[in-house]
Every structure is written in structure tokens, then in C-alpha cells.
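J.: Protein sequences, first through last, are from chains R and W.
Going by my numbering, the first residue of the first sequence is number 1086, and it counts up by one from there.
Going by my numbering, the first residue of the second sequence is number 1086, and it counts up by one from there.
C-beta: ideal position from N, C-alpha, C; glycine also.
Here the structure is a predicted model, which is why all the values come from computation and not from measurement.
Protein chains: 2
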Amino acid sequence: MMEYSLGEGNFKDWIVAETKFSPDLLGKGESIMYLGNGYMGLRSATEEPYLQETRNLFVNGTFNKAFPNEVTELPNIADSTRIDIRVDGERFSLELGKTNEYIRQLNLKTAELTRNINWTSPKGKELRFQFKRFVSLDNLHLIGMKMEVESLTDTVDLSFDSGINAQLSNSGSQHFLEGERRVFDRQFLSLTQTTSESNVDIAINTMHRISKNGKETNNIEPRMDMARRSVWLTYDIQLEPKEKLQVEKLTTIYTSRDNVLEESSDQLEALRDYSLNQLKAISEKGYDKLFEDHQHAWKRKVWDVYNLDVKSEYSYDLLALRFAIYHLTVMTPAHDDRMGIGAKALSGEGYKGHSFWDTEIFILPFFTYANPKVAKSLLTYRYHGLIGARRKAKENGYSGAMYPWEAAWPTDGEVTPLFGDIDIVTGEQTKIWSGLIEQHITSDIAFAVFQYYLVTGDHAFMERYGYEMIFDTANFWASRLEWDEKRREYHINNVIGPDEYKEHVNNNAYTNYMAYFNLRLAGRYYELLKDNNPDLLYRLNERLNLKEPYHDWQRKADNLYIPKPRKEDLVIPQDDTYLSLKEIDLSKYKNQEQVRGIYRDYNPEQINEIQVTKQADVLVLLYLLEQTFLKEDFRLTRELKHANFDFYEPRTLHDSSLSLATHAILANDIEKADLAYALFKEATEIDLGPNMQSSDEGVHAASIGGIWSSAIFGFAGLRLDGEKLRINPSLPKHWDEMKFTINWKGQPITLLITQSLLTVKAENKEPISFETFGKAYSCTDYLEVPI
Amino acid sequence: MMEYSLGEGNFKDWIVAETKFSPDLLGKGESIMYLGNGYMGLRSATEEPYLQETRNLFVNGTFNKAFPNEVTELPNIADSTRIDIRVDGERFSLELGKTNEYIRQLNLKTAELTRNINWTSPKGKELRFQFKRFVSLDNLHLIGMKMEVESLTDTVDLSFDSGINAQLSNSGSQHFLEGERRVFDRQFLSLTQTTSESNVDIAINTMHRISKNGKETNNIEPRMDMARRSVWLTYDIQLEPKEKLQVEKLTTIYTSRDNVLEESSDQLEALRDYSLNQLKAISEKGYDKLFEDHQHAWKRKVWDVYNLDVKSEYSYDLLALRFAIYHLTVMTPAHDDRMGIGAKALSGEGYKGHSFWDTEIFILPFFTYANPKVAKSLLTYRYHGLIGARRKAKENGYSGAMYPWEAAWPTDGEVTPLFGDIDIVTGEQTKIWSGLIEQHITSDIAFAVFQYYLVTGDHAFMERYGYEMIFDTANFWASRLEWDEKRREYHINNVIGPDEYKEHVNNNAYTNYMAYFNLRLAGRYYELLKDNNPDLLYRLNERLNLKEPYHDWQRKADNLYIPKPRKEDLVIPQDDTYLSLKEIDLSKYKNQEQVRGIYRDYNPEQINEIQVTKQADVLVLLYLLEQTFLKEDFRLTRELKHANFDFYEPRTLHDSSLSLATHAILANDIEKADLAYALFKEATEIDLGPNMQSSDEGVHAASIGGIWSSAIFGFAGLRLDGEKLRINPSLPKHWDEMKFTINWKGQPITLLITQSLLTVKAENKEPISFETFGKAYSCTDYLEVPI
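Structure representation (C-alpha cells):
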């Protein structure tokens, strides 16, 4: 029912389309076609309502905890997109009457959603509907909508209700006090909301412009209505055959988190007036002009910046990459460094808008390389999060900064829920341990800072934020390690690694290596600062109360147990017991339609005893550590990658959407080109594929980051090599050419790759070309990269 | 779409039926066919869900205030009635496929709801569905459901999800913390909830019994699932042609308001276990046996008690009266004297489950005369409410008991919301003044106590509860009256009378007369006790700190201004200014489809200036005061009734459902027999009529009380006459015979009325007959009524 090849001309490979309407499979289109601008995300529920719809609007950073026994989440803001349409008194719905033509399209280039319908009412009258909408990238507070209805054959009595509805909740949890509802001048509707616990004010205003046959009219006086938590207008219009009704609906949304207003005595009223005035100011422009501004913003801020192109006989690949960039843009709060990226972006209630390691490991690299300003904002969010991370460390009896597994507002600290899905053995809810013992997130963030610094050379960031984050995460690890007296080494016991099918394991390879990395990195930066910036080091010493940490970090790293590859087969044990667990036939769960199907047959305790891996674990380690200075410590030979890939890939169910991209990149590294492409393709299909329910709870943000990563770090072979940038392209056989722009040490570099040639073009410099035969080329000579 | 003549044989005039399904007009059937037992009310949303449905389950007394700026209300309890059915993977919905046969019936006699459907799926397979359910009157905590599906033509893959869903809210306001969800033994599902503010625990348990072709089977292993606030099982069953699936679903509901448990350390867990054990204990019986117990309870507790019959060519009238008794039974918490009756019964969110004067003036008379034990419980609820009434008086600067306009839990006090619908002039919400200035409720309750005492002679009630209520309400009025120095009399300024279209009026006739009545009644009882029970009077004096109230009450009553009939036309002025307001053409708003249509053209301020009345006001006065000892003070001649009826009826929009019954009774009194019947009929049609949206927010409890009142006080002409019972029948021309049983001074009396004969039959006595020709007959001689 999804179609990706309908774009033509300027829009070739830009159109994500839905060609058949299915009332029971709405989640797919709602999610993957959702609109947003980082400030807000509007799930693409249709104007006319359906039973199975999920109507969501999220504004980043408005976290609230609805009830004492729940965790904070992004609340579902009042909706202004629903329009209840009646034709001769009968409800317009594609479940009723007859749908003669139907197409819904998300234009990735213009970020506009359109829907064209030819429909015959149950009474037999034929009408044409067109719906358009966008969430402006030019004015972050604006939702523009346009509806056109044409009666094709008969005189019809058209009627519609349109307003603002705040009866929505998050699956039953209501976050908002009922606020004020108002109609001004029978035209401007206003609704305010305040979150129940975090006290965030929301002001939503909307207005309609009505045109008949292309001429705006004020003659159609609407009825006004209110019900609990809602306010709306009802318009009644008669259309003769061939007559057209056009309705523009413009909505503005402001929240007290925006900081647009000075402190005032009645903050909420001031916010409402401000929002209303903004709406009045722009309402004169109308949909078309406002859309034009939005479209220009997308060109300027997105497509010109990333400059991505693929020439290939199979143009889906390019569309998938554009889809990734589209979503990476709409999900990311580039405007506010107090906000992060949710695991389901802004497209659904799944994971409550919380940020996981998904951001740092699977999404951030895109921004670090291609839009470092945004990467800086996202890392600054983690810097603000030190408050919560330090509290978490203290609460758990540790020192330093222990980052929350799930993060919301920076000061919230740990917000992972305590209970999850059903345990099929006990019939109870399963306990979620991640918030307590999935601890690698702390070094993942340290890694992201390190990577950002290497790529951008942004000393200012490091001095203001970065060193403090690295030192205080190292402090956490130093306090976290457990001395094993018998083996005379430090262990990290009772953790969950990236493979969440293994709870309470000891010495998860990924966790131990990354902790080692974190400690060593802190030590290295400490030395660096001692030489280059003793003043800063003095200040950090004061603030963090470091007390000779350097020696502690070094000593602990020196004595930390790092699981080494088994001599016989080079396999790195995922943890202390994994390799001795029983093996079962996993074919039932590999490539299944439904993820986590294994939970239908086994409960967590039982899965813990099986040699099965949810998602890339040891393999993420091999992918990340290659990019660090640790290569002197650990020789990541091709053989090592090969051995571990061959061992873990068959045992990995990819039951997390984070998994495939890593395997795709690693497959590239070990020259399994076909498999690499297949895994890339599979990663794109997590959201774009034929499974109509996989995106119900929202798009998979990390997987979308992984689409870009698979192409850039996989096919284009971009990799950090020590402090240098290494490029080792290996395009899929059917790709003729690939182009993209990244930033290296503050300057944009455009790479043009064919099957045989790599051309590197920096600003104001002549392009340089190299022949590519799977060899590694370093750009450092050319770019003179300092660190 | 509703049909009332389908009952046959034993069920003639017992069947309320819906013969066509209309997905946009669901409210009517959901409300008027709702099931209940006073403990709980289950709105009749269908098993399969629809977009426009309103799915409600209320348990009486579980009031909660969801947010600080809202008022307390009956929360929408978790639902166990929804069953999502799929046929060959396609959703079963009457909006899809083809419905060949459809009928839904509420059997008033057995209080069972059944639905029979013959449906062809979109894939062309024909199936027969039968759904049944009841809310047990035998076991107040039980909901029984039964579903039968037969494949008529093909092999089908049937699948359904069934469980407990607590995602529901009250129009967006969530009252419950998310509780525990559990599955026990893959069969018993459990969900607990706790209200957010009032801390009421709810435990819901449900279970399924599956039969194939009439044989119970445990072979069909369901899948178990949980989502936020919900838990369910999924069954997959293949049916060959002519095979039948039967599913029984039994649900028990217990709350901490039930007081079934001893105090315990974990109240909620204890409640869940108790509820679960109760369910396990009854689950063996199965639907049919449990239904039989329920049906017997209806016979024993309801139909045998009220013993109502009407013989008439037009049998709708009898059905309407049975409909009234059905609803008066299911709405009333006869089991618990801490609970009242909501204005929309237990059938919808309208009026939030709050009790108004509707109970005392329009519903209670039914119980007072026909089931005094229940009347006592309802009045005891008001006695418990003295706590809140005294607080309200104090908060408003008065003494005594000032009853809340809207009442919830007895200790809550005033719970009227502060804002209502849209003001079409300002675009703001209108302010609701009733909670502050609609004060006649206090004397309405005093009146109800008086009436109860007269009819039942229940001295014990009076001594324990009644006198205290009468005295303390009189205390309120004594403090409330305002001395007008110029006119040397007491006034009651700035009130709303029964006519809520007039706000802030002075000396509303109804209010002033009823206050006068209240003061005089207190004085009279005071004298009575002084003579007969000085001990009780002493104790009441102590408790209420009465300090010579008697003289105060008498003096104030003596000097209270009572609007007298105008000399020229005997019209009693509704208030100080009503008769001088401007008159407009009201024909647009009389007999309109939509109530309160006048608000579409005028805002409250403007309506205040027009000679228009929302509902019976002066006329209620004429109806009630006739029943009091005040007849010595006010001669209620037929001419006075006539004059005021003729004046006010054309000015009354009946924009409250409380209005018609009063006018019907008065029309009877003034011998407008046709009009009396027309008004009775109109009153029945508030819920039973062809308007498919008038019951969307719930049935009209007071109007339903009014159906019974119109027949008994109107057609049968039953009326208190001083301390005697007067019967002055005047049956509608097409009624041959009417029969019913009431209680008088503790003993049941059956009245049999024909067009010419009244027969009175008391227990263990020979029946006595009188000829009736519109004359008044007093039963007091025969019954020897003392007071």
C-alpha cells in the first residue's frame, strides 16, 4: 500500500506515497509521513477521524509526569487537525460510500503532505477532496492546512466542524489541566493548557479562511461551540455542481518552555495573547505564501546542506536516504540545547519521547559529520543533563556522572519506566532493569563527545562542556568498577549490555571496553590540559573535586578486565557466561514479521539462558572502537571482525531497530558486499518496508540514523582512523555514483564517489581525485587535520 | 430507528428495540438501553467499537476530582465490554461488509440486552452474531456477557481480543492512576485502578468460557497481551460452516467504597483477591444460571413491588411507564445511603453524576409512595450531606444547612462547576451561578422529608434524621433573609429560581414560598417535639445550637414577602421584574428539535431581559404547595392554577427535562385532559422520542421520574391533602384501566382505576370501590392515617 516510485520530474525519488486507504492499518502512514520541525511533531492522522487512528502532536521539551506512579513523557498536545465533514448530513469517511481515487503523498523535498480523493457519498454524490498540510521549518510554531472540496455532480450541503480539541491523552493518561477556551471575533479560536506536574503552559490558536470558487468570503458565519476541553466552529455551505470550497486553517502553538516572553504576572494569558497576535500577524499571508517560506527553509537549511545524491538504477535507495535526512531533520530540536531526540522521534507515544544511547551512537554521527552545529546542541543537552546524571550516580551509591538510560528534561535524571510488557509465564508485567543496570550509556556519551571533537576540532565546546563530561563520566566508572580479589582485576558485574536479552550479566564486553575507553580518554585529556590549559584543569578540578583522579583513572583502566578474543576462533565473549549458554533453533524468530516474537514463547528469565542476542552487541564494539585511539591497544584486524560477525550474526534476532545498521557497516568492512547491501535495505525497511504495523508506535529514530550511517560509514567507507579521516568506498554494485557533503574541522567537504573514483572537494580548493579499489585513503595530508 | 411495539406474548410492551444500526447516532441506544443495578451503570456501547461511541461504566459513589480546577465526578471505570472481532483478519463492524439483519432489544422485564445480527463480511462470508448481556440485580458486582457466532456459509478464521481496558477517561480527564494488570492461569484477567484524589480503589476481574457447538472447551489457548492501562487475551478459532462459537465473559467489580473488606495493610491487593475469588466462585455457574438469578431478582424486587399495569389500545403508554420504572431502578443506589441519584442517572457523563433538586422533587416521590425503604436511603444520603451543607452555609456567611446545588459524596459540599457552554456574544465560557445562588434546593430537601414523613409515618427516620434536617435548613433560611427597611419585610434577593434563564433575580416566587414553607415546617415540628419528645428536642437544641430558633423562624416567616397573585388576572409574578420584561416571539424556540436553542441567538445577559422561562417555576409551586399544610395560608383554587398555567405555559420553553411533567400534572388539575396527555407523551419522548441525539449525554433522570409522577399524580390524581391522601382519577380517554401499588403509612395499597371506578385494596382487607367522576375522594377514613 506504500509506493516510493511515484515522484516525477523535480520530485523524482522524493515522494513517499500511500495509494490505498486501509482503516485498520493507519499507523504506518501516520508515522512515516509525520510532519515536524524539531520544535514539534505532528503525526499524520487524517482530517476526518477513524476508529483506529492515533492522533498525536508533540512539542519537544514539554515533558510531564501525569501520575505519581508513571514516568515523565512528552504529552499529547491539543489537536487542531481533525475536521469532521458531513455531506448532506452524512459523515465523510473513506469507510463509508465509495472511494474512487485515493492518493496520499509526503513530498520529502518540500515537507508537505497532500491527499487527493475522489469519493462518492452513500447517497451517490461524487466529490473531490484535496487536503494539504505542512509544519513550518520557517516558523517553528506554525501548522498550515488547506482543504479543497469540489462537488462534481450534484448540489450538496456541506458542513464541517473544525476547532481545537484537548480531549486527547497519552493512551489514557491525561497530562493537562483543562484550560481556557475562547472564540475571538467568531474567527480566532484559542485554547490553553497547563501540564499537571511540570507546569508547562501551552497556548494554541487557530483560524480559518474560507474561499468559494477561489474567492475569499466572510459571508459564511459559523456556529460556535464548546465542550469539555474543546472549542470549535461549524460551517454550513451549499455547493452547486463544479463549485469549490477552499478552507485554510492556520494554527500557532507556543509554550512556556519557549522562553519567548518576559516574566509576567499572568504567564498563561500573556502567552495566549502573544500566540494569538503571532497568528493574526501571519494569517494575512495565507497558506500558499507561508508554504513557500517553509519550502525555502527546507532547501536552505536541509537539502543544500547535506547535498546528498545517489545515481543508481534502483532509485529506492536514494529515496530511502532522503527519507532518513527528512526524518533526522524533523525529529531534532536544533533550536534548543535543552532538548534531545526521542527514540520514536516526534511521531508516536512509543518510548515517551525519551532519549537513549540511540542518539549518541546511531543518530549523532550524522550531525557530527554533516551539521556539527546541531550535534553541538544535542551534546549540550547531555551537558545540561549532568545534573540528573550526578543525582543518579549519588542515588546509586556512585561518584561522578551516571547518565540516565532514558532521559527527558535535563534535570529529570533517570526516567526509565519500571515495568513493561506481559511475562507469559507469570502473567505479570515484566520488570524493566535498564534504568538501573544498563550502564554503557555513560561511556556512549563520552564517546560521542570524543567523536564530535575529533571531527569538528571544536575547542570551545570542549572547554565549556566536553572535558567536564569526559572527566565526570570517568569518575563514575572509577567508582563503578568492582575489585575481584581472586582474579586481581576490576570487573563490571550485574549489567545489561546492548543485548537486552541478557540481564544481570557480568563483564559484558561492550560495557567493559567502553568503560575502559572512557577512563583512558579522561586520562588522555587530563594530560593534554595539564600541558595546554592548566587554568581550565584547575577550575575543573575545583568543580568536580577531582583529587588526583588521573592516577585513579589510569590505575583502574590498567586493571580492568577486558574480555579478549578466544584464541581458537577469535570470538570475543559477549559476557562471562554467554558462550556457555544453551543453543536453540532460532529460525522461527529470525526474519519474523513481528519483532520480539521470542517473548511469545519464553519469558525474560528463560531467554537469559539461551545463546540468543537481541541486537548488535560485540559488533557495535568492533565498529566504534576502530574509530578511537585505542587501536594501539586492540588490533581490530579484519579476521577479528570476520570471526565475530560470523559468530554473532546468526545468533542476533535484530529485535531492536538499532541492530541492522551496525551489521551492515561491519559486513562492508569484511567485504560481504551483497550482505551489506541486504542489511542496509533491511534497515530502510524497518519503517519503509511492507510491514504495515512496525511503525505504529512511531518511526525508529536510531534506525533512520543507521540508514545514513550504513551509506556513509559503510558504502562510502568513511571512518575515523586515529585522528585522521579515512575513506574506503565500496559502493553497492548497482550504484553508479554517490555524493554528499560533510564537515571536517569546520569546513565543508564534498565527496563524489563512483565505482572507481573518489573525488574530494573542499571549499575554495580544487577537487582531488583518487582511484578506489577497496583501499584506504586518508585525507589528512590534504586537509591538514590538527588535534 | 427505535421500535417499542415488538414485544410479544409474555414480553408484550416490555421491549425497547433498535431495528436499524446507525454509526453516527449511537448515543440514543447507548443511553436509553443502558444496564445497571444502582451499584453500577453500564452504558450500552456495543462489543465491537465505533468511532462515535461513548463507552461508560460508572460505579456509584466513586467520585473523584481529576484536576484541581475541575469538580468531582463519577469516573469512567475500566471497560470489559469491548471485544475486537476479526473475521479472516478483517474487522467485524457494521460499518463494513453488509448487515442483512439487525435488531437490538432491551427487555425491560428481564433487564437483558440482546443483539441479533446477520452479517456478510467484506470478503462475502455470511455470519450470524448474537450478543447478550446483563448487569445483575442479584449480585450487584456482576456483569454477564455472552456472544455467539455462527458461520453460515464458509470456513472462517475467527479471532477476537477481549480483556479489560482502562484507557478510557471522562472526555479527556483521567481519574485513575494506572494500576496493576495481571493474567492468572491464562484465564482470569485482573486490573486495578485507584482514583487520583479521592483514593478509591477499584478491582476489576474478568474471565472467559469458550464453547464450540455447545460444548465447553479449554483447548483454545489464548495469547496474552498488555498495553498501557490494558490487558487482554486473543483467541483464534476456525469455524466450519454451521459451526458455532459461544463465549461467555463474566466480570466482577469491587471498590473500596463497598466496605466489603476489613482494614488491611494492602487494601488494593486484598480487594483484588476478594474480587477475583468472588469471580472464581460464580464463574462455574455460567451465564444462563446467573441470568436466571438476575431475572428473579427483577421480578421480586421490582415488578412485583410496583405492580403497575395499564390497559389501553395504545400500549406505548404502558411501555413508557415500565421504561420509567426500569430506569428508576437501575439509576438508584438503593444499597448504600451514602449515595444519591445523578441527573443523568448512571448512563452518561452529563452532570458528572451529581444530584440536584431533581431527586427530591421529581424522582423521590416515586420511592416515597412506592418503595419507601429506598426513599429513606436517598433522604439519609441528604442527611449525611448536612456536613457539606453546613460548610457551604459557613463559606457563604450563613448559618444552618445550605444544601449544595450539585451534590456528590456527602462530605464534598458544593460541586457545581463554575463555567459552562459558550457565550455567543463574548466567545467566552458562560459563568454558572447555580452553585452560588440557586438556593431553593435547601427547602426542596426539607419538602421531601416532610412528604416522606406524611406518606410513610416513619417516626424513627424523623427522630434520627428528619427533624435535624428540617431545623437546620430553616436555620439557613432564617440567616439568609434580607430585611428591606423601606417595605418593612424580608426579601430574598439575588437568586436563581427553577427558571434558570433568570439569573440574579429578587424574590423568586418559588424560592420565597418554599423558604416560607421551610420555616413554618420547622416551627410546626418544633412545637410538636416540645409536646411529644422534649428529650429529642433538647438534644437537637444542643447539637444545632438552636437558641430560641422557633421564635426566629416564626417571626421571619411572618415577615417574609410572598409574591401574591395579581388582582387583575391571578398571575403570581415569577420574581420582582419578570412581568415587566419585554416579550418576544418565542415560536422559534418552542417545540424545537434542539433544547436551549435560544442560546444560539441570545447570551445569558440578554435572555435575562426577556419574558421567557426555561422550565416550570411558578407552576411547580402550585403543584407542591397543594400537598402541604400551607393550604390554609394559600388558597390554591382551580382558577389560580388556570390563570398561571395559561400565563406561563406559552412563555415556558421546557428547555429543562424537569419541566413537562409538572405542566402535565397541572393540566390534569385544570381539566385540560388532552393537553395533559400530550404533555405526558412529550415527557416520555424526552428519552423515548424520535430525536436520536437528545439522550447523548445520558437519560434524563428527573424526566423519567416525571413520567411516573404524571401518571400517578396526574392521571390517577393521587395527591396529599393536608395529612390525608386524596385520589382524584382522570385517566386518558384511551386508557381502560390502570393499576399500581403504593405504600401508605407502611402498608401496601393497590389502586385499580377504570374510567368510572376506583378500587382500593389494602393488604388483608377487602377491596373498596368508589365511583369516579372527577371528584376528590379521601382515603383517610378507610386507612386511618395518623400523624
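Let me know the secondary structure DSSP gives W:Glu1856 once reduced to three states.
T.: In the structure shown, W:Glu1856 sits in a strand (DSSP, three-state: E or B).
J.: Of all Cβ atoms in chain W, is any one closer than 8 Å to the Cβ of R:Tyr1436?
T.: Chain W contact via Cβ: absent.
J.: Tell me, to the nearest whole angstrom, how far the beta carbon of W:Ile1249 is from that of W:Leu1225; I am working on the premise that it is less than 8 Å.
T.: Wrong, their Cβ atoms sit about 19 Å apart, outside the cutoff.
J.: According to DSSP, is W:Leu1868 part of a helix, a strand, or is it coil?
T.: Any reading at W:Leu1868 must be qualified, since the residue scores a pLDDT of 42, below 50, and its modelled position is unreliable; no value is offered.
J.: Residue range of the alpha helix (DSSP H) that W:Asn1149 falls in?
T.: First-last for W:Asn1149: undefined, no H or E at that position.
J.: Check whether the region 1193-1205 of chain W and the region 1283-1294 of chain W are in contact - that is, three or more C-beta pairs closer than 8 Å.
T.: No: fewer than three Cβ pairs fall under 8 Å.
J.: According to the Cβ coordinates, are R:Thr1501 and R:Glu1491 closer than 8 Å?
T.: Yes, these two residues count as a Cβ contact at 8 Å.
J.: Can a CB atom of chain R be found closer than 8 Å to the CB of W:Asn1578?
T.: With 8 Å as the cut-off, W:Asn1578 does not count as an interface residue toward chain R.
J.: Below 9 Å between beta carbons is the criterion; list the residues of the region 1619-1653 of chain W that meet it against any residue of chain R, in chain order.
T.: Per Cβ criterion, the list is empty.
J.: With 8 Å set as the bound, which would you pick, yes or no: does the beta-carbon of W:Arg1176 sit closer than that to a beta-carbon of chain R?
T.: With 8 Å as the cut-off, W:Arg1176 counts as an interface residue toward chain R.
J.: Where do the ends of the beta strand (DSSP E) carrying R:Ser1236 lie?
T.: Run containing R:Ser1236: Leu1227 to Ser1236, per the beta strand (DSSP E) assignment.
J.: Express the C-alpha separation of W:Phe1261 and W:Val1144 in angstroms, rounding to a whole number.
T.: Using only the alpha carbons, I get a separation of about 14 Å.
J.: Which class does R:Glu1328 belong to by DSSP, given the choice of helix, strand or coil?
T.: R:Glu1328: coil per DSSP, three-state reduction.
J.: I think W:Lys1048 touches W:Asp1643, with their Cβ atoms under 8 Å apart; what is that distance to the nearest whole Å?
T.: The requested residue 1048 of chain W does not occur in the structure, where chain W is confined to residues 1086 to 1872.
J.: Pick out whichever of W:Leu1738, W:Thr1713 and W:Leu1710 has its Cα sitting closest to the Cα of W:Asp1670.
T.: Of W:Leu1738, W:Thr1713 and W:Leu1710, the residue nearest in Cα terms is W:Leu1738.
J.: Looking only at C-alpha atoms, which of R:Tyr1483, R:Asn1593, R:Glu1138 and R:Asn1344 sits nearest to R:Arg1565?
T.: When only C-alpha atoms are compared, the closest one is R:Tyr1483.
J.: Check the Cβ of R:Tyr1372 against every Cβ in chain W and list those closer than 9 Å, keeping chain order.
T.: By Cβ distance, chain W contributes nothing, its closest Cβ being about 24 Å from R:Tyr1372, past 9 Å.
J.: Select from R:Phe1177, R:Ser1247, R:Leu1191 and R:Leu1181 the residue whose C-alpha is nearest the C-alpha of R:Phe1214.
T.: Comparing Cα-Cα distances from R:Phe1214 to each of R:Phe1177, R:Ser1247, R:Leu1191 and R:Leu1181, the minimum goes to R:Phe1177.
J.: Can you tell me the Cα-Cα spacing of R:Glu1282 and R:Gln1252, whole angstroms?
T.: So the alpha carbons of these two residues sit roughly 18 Å apart.
J.: Beta strand (DSSP E) containing R:Ile1507: first to last residue?
T.: Note, R:Ile1507: beta strand (DSSP E), Phe1504 to Ile1507.
J.: How many Å lie between W:Tyr1320 and R:Pro1817 at the Cα?
T.: Answer to the nearest angstrom: the Cα atoms are 45 Å apart.
J.: I need the boundaries of the beta strand (DSSP E) containing W:Ser1244, first residue and last residue.
T.: First-last of the beta strand (DSSP E) with W:Ser1244: Val1241 to Asn1250.
J.: What residues in its chain sit with their C-beta under 6 Å from that of R:Phe1561, if we drop five residues either side in the sequence?
T.: Excluding positions up to five away in sequence, the list reads Ala1478, Tyr1483, Gly1485, Ala1486, Met1487 and Thr1527.
J.: Got a sec: which bits of the region 1163-1191 of chain W sit with their beta carbon under 7 Å from any beta carbon on chain R, in order along the chain?
T.: Correct list: Arg1176, Glu1180 and Leu1181.
J.: Could you say if the region 1763-1781 of chain R and the region 1415-1423 of chain R meet the contact criterion of at least three C-beta pairs nearer than 8 Å?
T.: At 8 Å Cβ cutoff, the stretches do not touch.
J.: Of the choices W:Tyr1687, W:Ile1522, W:Ile1695 and W:Phe1602, whose alpha-carbon is the least far from that of W:Ile1581?
T.: For W:Ile1581, the nearest C-alpha among the options comes from W:Ile1522.
J.: Are the C-beta of R:Phe1152 and some C-beta of chain W separated by less than 8 Å?
T.: True, the Cβ-Cβ gap to chain W drops below 8 Å.
J.: Give the range of the alpha helix (DSSP H) segment to which W:Asp1529 is assigned.
T.: Its alpha helix (DSSP H) spans residues Ile1526 to Thr1541.
J.: Just the C-alpha distance for W:Pro1814 and W:Leu1721, rounded to the nearest angstrom, thanks.
T.: Those two C-alpha atoms are separated by around 19 Å.
J.: Just to confirm, are R:Leu1848 and R:Pro1833 a CB contact at a threshold of 8 Å?
T.: According to the sequence displayed, residue 1848 of chain R carries Glu and not Leu. Yes, these two residues count as a Cβ contact at 8 Å.
J.: What separation, rounded to the nearest whole angstrom, lies between the Cα atoms of W:Ile1872 and W:Gln1659?
T.: Legend: pLDDT at W:Ile1872 = 27, less than 50; position of this residue unreliable, no value from coordinates given.
J.: Less than 8 Å separating the beta-carbons of R:Phe1532 and R:Gly1790?
T.: Not a contact, by the Cβ cut-off of 8 Å.
J.: If you pair each beta-carbon of the region 1597-1617 of chain R with each one of the region 1628-1639 of chain R, do three or more pairs fall below 8 Å?
T.: The region 1597-1617 of chain R vs the region 1628-1639 of chain R: in contact.
J.: Taking Cβ-Cβ distances shorter than 8 Å, what residues in chain W pair up with R:Ser1256?
T.: Those within 8 Å of R:Ser1256 in chain W are Gln1252, Ala1312, Arg1313 and Arg1314.
J.: In whole angstroms, give me the CA-to-CA distance for R:Asp1754 and R:Gly1799.
T.: One C-alpha to the other measures close to 7 Å.
J.: What I want to know is whether the C-beta of W:Tyr1687 ends up closer than 7 Å to one or more non-hydrogen atoms of the ligand ZN.
T.: Although the ligand ZN was asked about, the structure shown includes no ligands whatsoever.
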